[in-house]
Structures are given as C-alpha cells and as structure tokens.
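*Asks:*
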Amino acid sequence: MKKTLYLLRHGQTYFNYYHKVQGRCDSPLNEMGIRQVEMARDYFQKNNIHFDKAFSSTQERACDTLEIATDHQMPYKRLKDLREKCYGIFEGRDEFLLPWNYNNPNVDPTMEKDEDVVNRMHRAVVEILDNINDGETALIVGHGDILAKYVRDVADPNFAGFANASIVKLSVDGKNVHLDKYVWPAEGLKQI
Amino acid sequence: MAINLYLVRHGQTLFNAQQRMQGSCDSALTKLGIKQAEALRDYFKKKQIVFDKAYCSTQERASDTLEIIVGPEMDYERLKDLKEKNYGPFEAKKNFWWPLMKFRSGSMEDNREVVERMERGINLILRDAKDGENILVVGHGDSMSRYIREKAGNHRFHGFHNAEYVQLKSNGHEVEYVKSCWPAKKLKIEQLTEK
C-alpha cells in the first residue's frame, strides 16, 4: 500500500523578489507570494486533495505558506530538518555574488554541503512517513533548493526545480519513491 | 489578579552580528546567541522561576530562543502580533542607513501600528492567563521596547540587549514595568576569545 506526499515550495518572498540569497535567513511572503499560495490552495480544493497530516519547515515563509494552503484549517508540525540549505556568508546578500552564478566552481566553507542537505531531507521524510498510515496523504511545505535536490536524489535526476508555490506529488511504496506530477497553479500569474 | 510577564528579546543572530537591520526578515542565532539563551535558561532555573505558559513571535529567532529557555518538551504558541517592526526598504541593510529612515517610510511599518498590535498580542495572552501565572514571552527589541514605553509606564526604557528580559506585572488588563535583567551580559566579552 502506498503513501502520498505533496511537496509545496513557499510563495514568493521579499528576498526572492529583490534577488537576495535566502537560505537559512527568511523574509515574509509578498503580495504575489500570498496570491500564488492561494492558487495552490484552490488547486488542492478543486481537485479534492485532502491531507491527513501537514508538515512545514520551521522558517516563517514556509509556515505562512502552509497556513494559507490549508486555509488555516489544519494543525501542523514544524520540522527543523526541512529548512533550506544554509548559504553561509552569502545569506541576505545579492544573488549575483553566489559563486556558481559567475562560473566559479569553488564551494565556500561556510555554506552547508549539498550531501548534508539531502541527508536532512531524507531524515525528515522518514519521520513524516512514520507519522502517516498506508493510504494517507501528507503535505510538506519547504524550500526550493532542498526539495529539488531531494526529488533529484530519489525520483528524477533531471528534475528542473520548484517555482514559487509549485507542487510535486510523490507516491511512496516501501523504499520506492515515484514522481507522479509537477504542478504550478500560479504559473499564469503576472508579477504583482 | 496578578500575572507575571517575562518579556525576553531573542539571542544574537547573524544579522545582529553583521550589524544589519532585522525587522520582518529573520536570520539564525549565532553561537553567542545560543549561549545567551542558555545563560537566561540557567538564570531562570537558579531563581526557580517556572513558566506556566510560553509565547513567542512567529519568527524563528524567537521560537529558537524560546525552545532553548523552556526545553523541547513545553508547548508554546506563536503569535504574529509579536513580530518585530517591519523596516520596509531597509530590511537587511547595514545599520549605517538608519539615519535615512527618518526621510523615507515606504512600506516601513508605522510606530503606532507596532504598539497597537503588540498590545493586541499581549492582551490575547492576558485574556488566557490565570491568577499567579508566570508567562514567558519571547519577542523583539524594537517592538517590545515601544510597547513598554507606551503601555507599561516606563517612558525612558533603555531597550533590550540580546537575551535580556523585562518583568512586567499585570492585573489582567494593564501592565506595569517591574525590572529588567541581563544574565548573559558577561558573555559578550567571552565571544572575543572563542573561535
């Protein structure tokens, strides 16, 4: 019997909009971000997708996203393991400074290692799966980099990534994780 | 009715250490920030101050500080009204931009609004409080200081250091300033010798 996981990335935030590096640091959802998550909420409602349990990272942009997406109806558990990768000294600074954005392959020692990020996500998923029964569905609200790395690790190495307030549906059968679909309800929304 | 409120400012964060304005944005507690929260936790234990309830703002630096103080087993409630003032265009900018704040407000939160919502948050806490309870409230320097100056009768309140606390007493409706204390004060110097 299988379990279903819906991974949801938070909506657009102030730092996203101003292209500031946002990993371990946090900024609030802006108007566009709120609207994007409302569209994700509408998608869940229209498609009769109900969650037995809901989880989010401890970071406020994820909590806020979860609360909007579940229409403030569900209690949820905040997990530290679901937090975004830590970008060390680049936190809160302009995105163009990130080494990979100007073809610099060096990894700054203050940044969290990619394998540690993926391991954290695995730990969180194990805890979440332990918390739901066969046939149940869980909502997991998190962050672009960590969620994408996880999807690439377990299901699809070519997975492109998560747009703000986009959704990935995973089916878990024992050790097998399958990517069922990627949906972006807010795709048509123009920048507010 | 007598209720004891302990208003605590979160421990030092990355943006605090980098001297950047941190309002509605958030960053993680530094090693020093964690030690400051632990010093406060140890102080409360030593003074045998046990909390019946715990609240914090929805921002992670506040909930992290709270979890260090009361431990992972105690339930707590997160309130949006207790957030720091929103500095609008100045969020995460270096402190030296501060003087310009007088000339541009933009999306920066109005001071009156800050005090109003702080009062809303504290009133919510008081409404649910029982006589004689000790209540922990972990929040932020600017918003809590403004609240104390306006509503707790201490117009000259000097402000909060990281992990400093203010004790207020309340009859369920009004609040009154009792004292402030900073158990983590001596930790500031230790940081210089720590890697």
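Chains as they are written, first to last, in our numbering: chain A, 157 to 348; chain B, 136 to 330.
Note that CB positions come from ideal geometry on N, CA and C, so glycine has one too.
If we ignore side chains and look at the alpha-carbon of each, how far apart do residue 161 of chain B and residue 247 of chain A end up?
*Replies:* For residue 161 of chain B and residue 247 of chain A, the distance between alpha carbons rounds to 11 Å.
*Asks:* Tell me the start and end of each unbroken alpha helix (DSSP H) in the region 209 to 280 of chain B that is at least 4 residues and wholly inside, in chain order.
*Replies:* Here the runs fully enclosed are 246 to 262.
*Asks:* Start and end of the beta strand (DSSP E) containing residue 201 of chain A?
*Replies:* Not the beta strand (DSSP E): residue 201 of chain A falls in the alpha helix (DSSP H), residues 187 to 202.
*Asks:* So who's on the other strand from residue 185 of chain B, going by DSSP bridges?
*Replies:* Looking at the DSSP assignment, residue 185 of chain B forms no beta bridge with any residue, so it has no partner.
*Asks:* Name the DSSP beta bridge partners of residue 211 of chain A, please?
*Replies:* Looking at the DSSP assignment, residue 211 of chain A forms a beta bridge with A:233 and A:296.
*Asks:* Here's the rule I'm using: 16 or more other beta-carbon atoms within 10 Å means buried, otherwise exposed. How should residue 266 of chain A be labelled?
*Replies:* Flag for residue 266 of chain A reads exposed.
*Asks:* If you draw a straight line from the C-alpha of residue 161 of chain A to the C-alpha of residue 242 of chain A, how long is it?
*Replies:* Straight-line Cα distance between these residues: approximately 24 Å.
*Asks:* Within 10 angstroms of its Cβ, does residue 280 of chain B collect 16 or more other Cβ (buried), or is it exposed?
*Replies:* Per the 10 Å Cβ criterion, buried.
*Asks:* Return no unless some Cβ of chain B is closer than 8 Å to the Cβ of residue 241 of chain A.
*Replies:* Not closer than 8 Å to any Cβ of chain B, the Cβ of residue 241 of chain A fails to qualify, so no.
*Asks:* Return the chain-ordered list of same chain residues with a C-beta closer than 8 Å to the C-beta of residue 344 of chain A, the five sequence neighbours on each side being excluded.
*Replies:* Correct list: empty, nothing qualifies.
*Asks:* List the endpoints of the continuous alpha helix (DSSP H) containing residue 200 of chain B.
*Replies:* 195 to 205 is the span of the alpha helix (DSSP H), which, as asked, contains residue 200 of chain B.
*Asks:* Can you check which of these residues, A:181, A:218 and A:159, is closest to residue 349 of chain A by C-alpha distance?
*Replies:* Missing from the structure shown is residue 349 of chain A; chain A here goes from 157 to 348 and no further.
*Asks:* What residues of chain A sit near residue 165 of chain B, judged by a beta carbon separation below 8 Å?
*Replies:* Under the 8 Å cutoff, chain A gives no residues; its nearest Cβ is about 12 Å from residue 165 of chain B.
*Asks:* To be precise: take each residue of the region 197 to 225 of chain A, compare its Cβ to all Cβ atoms of chain B, and keep it if any distance is under 7 Å. Which residues remain?
*Replies:* Result list: 214, 215, 216 and 219.
*Asks:* What are the residues of the region 161 to 188 of chain A that lie near chain B, defined by any Cβ-Cβ distance shorter than 8 Å?
*Replies:* For the region 161 to 188 of chain A, which is checked against every Cβ of chain B, the residues closer than 8 Å are 170, 171, 176, 180, 181, 182, 183 and 184.
*Asks:* Using only the alpha-carbon positions, how far apart do residue 290 of chain A and residue 159 of chain A sit?
*Replies:* Whole-angstrom Cα-Cα distance: 5 Å.
*Asks:* Would you give the residue range spanned by the alpha helix (DSSP H) that residue 266 of chain A belongs to?
*Replies:* That residue, residue 266 of chain A, is in no alpha helix (DSSP H); it is neither H nor E in DSSP.
*Asks:* So, does the CB of residue 193 of chain B fall closer than 8 Å to a CB anywhere in chain A?
*Replies:* At least one chain A Cβ lies under 8 Å of residue 193 of chain B.
*Asks:* Under 7 Å Cβ-Cβ, which residues of chain B neighbour residue 247 of chain A?
*Replies:* Those within 7 Å of residue 247 of chain A in chain B are 149 and 162.
*Asks:* Within the 8 Å Cβ cut-off, does residue 278 of chain B reach chain A?
*Replies:* With 8 Å as the cut-off, residue 278 of chain B does not count as an interface residue toward chain A.
*Asks:* What are the start and end residues of each continuous alpha helix (DSSP H) run of 4 or more residues lying completely inside the region 293 to 325 of chain B, in chain order?
*Replies:* Fully enclosed alpha helix (DSSP H) runs of 4 or longer: 322 to 325.
*Asks:* Take the Cβ of residue 178 of chain A as the centre, count every other Cβ of all protein chains shown within 10 Å, and call the residue buried at 16 or more, exposed below.
*Replies:* Counting Cβ neighbours within 10 Å, residue 178 of chain A comes out buried, since at least 16 surround it.
*Asks:* Do the region 249 to 269 of chain A and the region 281 to 300 of chain A make contact, defined as three or more Cβ pairs closer than 8 Å?
*Replies:* Judged by Cβ distances under 8 Å, the region 249 to 269 of chain A makes no contact with the region 281 to 300 of chain A, as fewer than three pairs qualify.
*Asks:* Closer than 8 Å, CB to CB, is residue 247 of chain B near chain A or not?
*Replies:* Output row for residue 247 of chain B: interface = no.
*Asks:* Could you tell me which of B:314, B:286, B:309 and B:265 sits nearest to residue 299 of chain B, measuring between CA atoms?
*Replies:* Selected option, being the one with the closest Cα: B:314.
*Asks:* Under 8 Å by Cβ, that's how I've got residue 219 of chain B and residue 296 of chain B pegged, so tell me the actual separation to the nearest angstrom.
*Replies:* Their Cβ separation, rounded to whole angstroms, is 15 Å, which puts residue 219 of chain B and residue 296 of chain B out of contact at 8 Å.
*Asks:* Whose C-beta lies closer than 8 Å to the C-beta of residue 277 of chain B among residues of the same chain, with five residues either side of it excluded?
*Replies:* 158, 219, 220 and 249, listed in sequence order.
*Asks:* Just how far apart, CA to CA, sit residue 273 of chain A and residue 156 of chain B?
*Replies:* Each residue's alpha carbon lies about 28 Å from the other.
*Asks:* Out of curiosity, what's the CA-to-CA distance linking residue 214 of chain A and residue 230 of chain A?
*Replies:* Spanning the two alpha carbons is a distance of roughly 16 Å.
*Asks:* At which residue ranges does the region 144 to 174 of chain B contain complete alpha helix (DSSP H) runs of 4 or more residues, listed in the order of the chain?
*Replies:* You should have 149 to 152.
*Asks:* Where DSSP assigns a beta bridge to residue 160 of chain A, which residues make up the other side?
*Replies:* Answer by DSSP bridge pairing, in chain order: A:293 and A:327.
*Asks:* How many Å lie between residue 281 of chain A and residue 225 of chain A at the Cα?
*Replies:* In a straight line, the C-alpha of residue 281 of chain A is about 20 Å away from that of residue 225 of chain A.
*Asks:* Is there a Cβ of chain A sitting closer than 8 Å to that of residue 226 of chain B, yes or no?
*Replies:* It does: the Cβ of residue 226 of chain B has a partner Cβ on chain A nearer than 8 Å.
*Asks:* Going along chain A in order, which residues have a C-beta closer than 9 Å to the C-beta of residue 155 of chain B?
*Replies:* Near residue 155 of chain B (Cβ distances below 9 Å), the residues of chain A are 248.
*Asks:* Please return the same chain residues whose Cβ sits closer than 6 Å to the Cβ of residue 110 of chain B, not counting the five positions on each side in sequence.
*Replies:* Here chain B comprises residues numbered 136 to 330, so residue 110 of chain B is not present and cannot be evaluated.
*Asks:* Quickly, what does DSSP pair residue 139 of chain B with across the bridge? List them, please.
*Replies:* Answer by DSSP bridge pairing, in chain order: B:269 and B:304.
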